[in-house]
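Enquirer: So that we are looking at the same thing, I have put the structure below in structure tokens.
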Amino acid sequence: MTSTARFHAIDGEAGDLPARLRPADIHAPKMVSQAAGPFDAPADTSEGPSMRDALVTGLLVIYPAVATVAAIVAGLFLASVNGT
73 MTSTARFHAI DGEAGDLPAR LRPADIHAPK MVSQAAGPFD APADTSEGPS MRDALVTGLL
133 VIYPAVATVA AIVAGLFLAS VNGT
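Here the numbering used here is used: the first residue of the sequence shown is 73, the next is one more, and so on.
As structure tokens, this is what we get:
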């Protein structure tokens, strides 16, 4: 029974299709613009990089590099104090 309905939908004309189906060459209606919800990303309205972007870059790139160098220096200092 399901195969009969499937072949009917495939073999029929575009006008014979149920209302929820449409031919592939017809585009879906566009959504109207609306405000972003609580879990949606807001639209990007900024003109370019801001001070916030520079601070985040400093936090994510520069701070780990400085912390790595400080950890290496501290390790070398502790190794020399130990006498090895």
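Ideal Cβ positions, reconstructed from N, Cα and C, are used throughout, including at glycine.
1. Is Gly130 helix, strand or coil by DSSP?
2. When the Cα atoms are used, what is the spatial distance from Gly130 to Thr140?
3. Would you report the Cα separation of Ala143 and Phe149, rounded to the nearest angstrom?
4. By how many angstroms is the C-alpha of Gln106 removed from the C-alpha of His99?
5. Could you tell me the distance, in whole angstroms, from the CA atom of Ala135 to the CA atom of Leu93?
Expert: Walking through what the data contain:
1. helix
2. 14 Å
3. 10 Å
4. 20 Å
5. Correcting the residue type first, residue 135 is Tyr in the shown sequence and not Ala. Approximately 55 Å, taken between the alpha carbons.
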